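Sequences listed follow chains A and B, in order.
Numbering-wise, the numbering used here comes out as the position in the first sequence, counting from 1, plus 17.
Numbering-wise, the numbering used here comes out as the position in the second sequence, counting from 1, plus 369.
Heads up, the beta-carbon is just placed ideally off N, CA and C, and yes, glycines get one too.
Because the structure is a prediction, the values reported are computed rather than measured.
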Amino acid sequence: MTLPTLTNKTALPSPNRTLWQDAKRSFSKNRLAIIGLVVVGIFMVMAVFANILAPFSYYHADLAANLQFPSLAHPFGTDPIGRDELSLIIFGARTSLLVGFSVQLIAFGIGLPLGALAGMRGGWFDFVITRLLEVMTAFPGFLFAIFLMSLLGTGMLNVILAIGATSWIEVCRLTRGQFLALREREFVVAARSYGADDWRVILRHLLPHALPPLLIMLALGIPNAIFAEAGLSFLGVGINDPIPSWGKMVSDSLGYIRVYWYMGLFPTLTIALAMLSFNFVGDGLRDALDPTMYNQ
Amino acid sequence: MGRYILGRLGGLLIAFVLVSMITFLLMHAVPGGPFDETKQPLPAAAKANILRKYGLDKPIWEQYLRYMWNAVHLDFGIPFQSPTETVTGLIARVWLPTLQLAGVVILLSYSLGLILGIIAAIYQNTWIDHFVTIMATLGFAVPSFVVAIWMILIFAVSLHWLPTGGWGAPENYIMPVFVYSLAPMAMVARYTRVNTLEVLHADYVRTARAKGLKRNTIILRHVLKNALIPMITVLGPKIPDIATGSIFIEATFRIPGLGRYFVTSTWNRDYPMIMATMLLAAFLWGITYIVTDILYTFIDPRVRLIDRRNV
């Protein structure tokens with residue numbers, strides 16, 4: 018009995034490199050993407066361990082020490098009610114990342130199944146979804162989020178809901194398009210001919226192939242949501258006090274900026290750094306995963 | 370062509386009605402209203418009078434139909450926050466600063482972005498190209514209100530060259546225009562660079578070069594023309610966004626424009642203003658999409674709007 022060796026995977030010729038190995042190699046060569054990844058990692062550590070890392074609590078207001086310029090005790094200064102700006106920025110990372118990731122959860126939680134079913138099933142379901150997508154795109158995105166915030170009221174959960182309300186549209190459109198294009202391909206037809214049911218085809222064959230563009234969308238969706246949160250909070254329709262938010266810190270600084278310049282400078286630098294690093298990671302992923310942008 | 374445009378306009382109309390319905394329903398579905406007495410309690414009769422005056426005592430579907438009927442006759446009602454004006458008048462007044470700003474921004478960012486993109490493509494992988502790429506990433510990723518704060522810190526707080534905000538004088542334009550132009554300019558430069566690079570390697574450009582045409586002639590006559598085509602569909606639809614979406618700029622530089630007014634309108638539950646602004650944005654958006662699609666066929670004869678079999 019020497020036959021069983023055939024079922025042994027090691028006996029089969031293995032491909033030299035998979036898409037993911039290629040992507041990993043290309044990503045690790047991308048200096049900006051690696052720097053971005055490191056900075057994103059730092060922000061994540063800040064968000065998770067804010068209680069330990071921040072020198073003060075975000076509700077620790079020392080009125081006797083308000084509006085202090087940067088010093089050793091308060092490297093980024095203090096705000097008008099005596100809160101430590103550095104601590105607010107560290108706790109603000111928690112707000113930003115929480116919103117950034119939660120919105121993606123909504124976007125993919127709604128967009129992925131709807132798009133997958135529409136692309137897979139076709140027919141009346143696809144018709145309804147396509148029309149729904151058309152109508153939703155006609156809503157002016159950020160104006161709609163502001164409008165929703167006025168209805169829902171301010172607060173963390175409502176910020177996530179208001180941004181999430183339109184975030185799933187692009188995910189749905191992309192998933193539908195991918196599935197539509199993939200479903201007639203030979204390997205899917207072959208899988209079907211073996212008797213694979215819809216779920217198996219979706220999970221084992223379609224999803225892995227549609228994964229790279231979806232992953233890129235996920236990576237670039239996070240900074241978009243962070244930007245939207247900062248924007249809503251900047252306009253005064255976002256996160257509630259006393260929870261810190263970078264956007265709120267920037268808008269708070271507007272009235273003080275002529276003298277207390279540090280109040281405007283540090284939060285804006287933080288937002289810029291976060292946006293750039295997340296975008297670098299996203300761009301790096303795109304360069305690494307998108308075979309149509311073949312370099313070298 | 371006529372049938373195609375008619376069909377698209379029909380689709381726009383349906384989207385329009387749905388946007389208005391959803392906005393209207395959402396506005397009224399949430400508890401609370403524009404005349405809730407938070408500060409001064411009103412006698413019940415007076416409140417009922419106010420509600421009757423604005424038709425808010427009717428069932429929702431009747432309010433909606435009444436609103437749409439008036440809207441079709443170009444009467445968008447009276448803003449609750451400024452009852453001496455009409456919504457149309459108020460929007461015209463507050464949209465003017467936004468449009469003035471947006472006009473300058475569109476002209477400046479699209480022309481500069483175009484030039485930068487082409488230069489970056491021609492001198493690919495030189496310092497000019499890298500500079501444009503860095504500027505594009507900055508303009509793309511960093512929110513406008515962040516750059517606005519930096520500008521204020523440098524030019525208003527440190528150097529005292531420009532006012533921190535306000536509207537009316539020419540110097541009030543400088544910072545808002547610069548900050549607001551960055552993102553669209555970055556986008557235009559990015560697209561132009563990629564498209565130009567693609568066209569530069571096309572066969573017809575090689576042919577033109579082989580004919581012995583001068584480089585500038587090739588760039589103007591062959592490259593520019595063909596690189597512009599795909600940009601129309603990508604960059605055209607951004608124009609309504611620019612014309613309605615300067616909320617951050619208006620908030621940072623204290624410009625009395627439409628975006629800033631929209632925020633106060635939503636907060637005051639000013640139903641007529643919210644509806645009108647949402648409809649305006651949806652309308653501009655829809656029209657721009659149709660216009661860009663039609664424009665596309667005129668510029669690129671390879672594109673046909675209608676399936677040949679139907680003609």
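(request) Have a look at leucine 293 of chain A and tryptophan 438 of chain B and give me their C-alpha separation to the nearest angstrom. (result) 48 Å
ask   = Are the segment 141-155 of chain A and the segment 105-117 of chain A in contact at 8 Å, needing three or more beta carbon pairs?
value = no
*Could you round the C-beta distance between proline 512 of chain B and phenylalanine 617 of chain B to whole angstroms and report it? I think they count as a contact, below 8 Å.*
7 Å
So if I threshold CB-CB distances at 7 Å, which residues from the segment 276-310 of chain A count as touching chain B?
Trp278, Gly281, Leu282, Thr285, Ile288, Ala289, Met292, Leu293 and Asn296
Output, in sequence order along the chain, the residues in the segment 127-156 of chain A whose CB is closer than 9 Å to any CB in chain B.
Arg148, Glu151, Val152, Thr154, Ala155 and Phe156
> Apart from the five residues on each side of it in sequence, which residues of its chain come closer than 6 Å, Cβ to Cβ, to serine 119 of chain A?
Replying inline: Ile177
Worksheet item: How big is the Cα-Cα spacing for glutamine 313 of chain A and proline 229 of chain A?
Response: Its pLDDT being 32, under 50, glutamine 313 of chain A is placed unreliably in this model, and the coordinates cannot settle the point.
message = Is leucine 105 of chain A close to chain B? Criterion is C-beta to C-beta, closer than 8 Å.
response = no
- Message: Give the list of continuous alpha helix (DSSP H) stretches no shorter than 4 residues that lie fully inside the segment 611-674 of chain B.
- Response: 616-622, 627-636 and 640-668
Any beta carbon of chain A sitting closer than 8 Å to that of alanine 510 of chain B?
yes
**Prompt:** Using a Cβ-Cβ distance under 8 Å, would proline 225 of chain A count as near chain B?
**Reply:** no
Candidates A:Ala213, A:Leu231 and A:Gly140, of which the one nearest glutamine 195 of chain A by Cα | A:Leu231
Q. Any Cβ of chain A within less than 8 Å of the Cβ of methionine 642 of chain B?
A. no
Inset, instruction - Find the residues of chain B that neighbour alanine 247 of chain A, judging by a C-beta separation of less than 9 Å, and give them in chain order. - result: Pro512, Phe514 and Val515
- Mapping DSSP to helix, strand and coil, what is threonine 95 of chain A? strand
Exercise. Opposite aspartate 79 of chain A in the DSSP bridges: which residues?
Worked result: Answer is none; aspartate 79 of chain A lacks a bridge partner.
Review point. Can a CB atom of chain B be found closer than 8 Å to the CB of proline 261 of chain A?
Key: no
Using the Cβ count rule (16 or more neighbours within 10 Å means buried), how would you classify tyrosine 640 of chain B? buried
Original post:
How would you write the range of the alpha helix (DSSP H) that valine 511 of chain B sits in, first residue to last?
Top reply: Unbroken run through valine 511 of chain B: none, as it is neither H nor E.
Original post:
Beta-carbon of leucine 191 of chain A versus every beta-carbon of chain B: anything under 8 Å?
Top reply: no
- Task: Starting from methionine 647 of chain B, find everything on chain A with Cβ-Cβ shorter than 9 Å and list it in chain order.
- Result: Phe156, Pro157, Leu160, Phe161 and Phe164
Worksheet item: From A:Phe60, A:Ile51 and A:Thr35, pick the residue whose C-alpha is nearest to that of leucine 290 of chain A; which is it?
Response: A:Phe60
Margin query: Between the alpha carbons of leucine 566 of chain B and arginine 559 of chain B, how many angstroms are there, rounded?
Written below: 11 Å
**Asked** On the three-state DSSP scale, how would you describe aspartate 300 of chain A?
**Response** helix
Problem - Selected residue, minimal CA-CA separation from isoleucine 52 of chain A, among A:Leu302, A:Ala64, A:Val298 and A:Arg303 - result: A:Val298
Using the Cα positions of alanine 517 of chain B and threonine 95 of chain A, report the straight-line distance between them to the nearest angstrom. 22 Å
(request) Output the distance between the C-alpha atoms of alanine 461 of chain B and tyrosine 279 of chain A, rounded to the nearest integer angstrom. (result) 38 Å
ask   = Assuming valine 56 of chain A and leucine 129 of chain A make a contact with CB atoms under 8 Å, what is their CB distance in whole Å?
value = Not quite, the Cβ-Cβ distance comes to about 28 Å (not below 8 Å), so this is no contact.
For the candidate residues B:Pro609, B:Val568 and B:Trp536, whose alpha-carbon lies nearest to that of histidine 591 of chain B? B:Val568
Quiz item: Going by Cα to Cα distance, which pick from A:Leu70, A:Phe244, A:His91 and A:Pro97 is closest to leucine 271 of chain A?
Solution: A:Pro97
Original post:
So, does the CB of valine 548 of chain B fall closer than 8 Å to a CB anywhere in chain A?
Top reply: no
Checklist entry - Does any residue of chain A bring its CB to less than 8 Å from the CB of leucine 395 of chain B? => result yes
Legend entry - Buried versus exposed, by CB contacts within 10 Å (16 or more), proline 539 of chain B: exposed
(request) Tell me, please, which residues DSSP counts as bridged to aspartate 101 of chain A. (result) A:Thr95
For chain A, check one thing: does any of its Cβ atoms lie closer than 8 Å to the Cβ of leucine 382 of chain B?
no
Should serine 268 of chain A and glycine 248 of chain A be called a contact, given that it needs their Cβ atoms to be closer than 8 Å?
-> no
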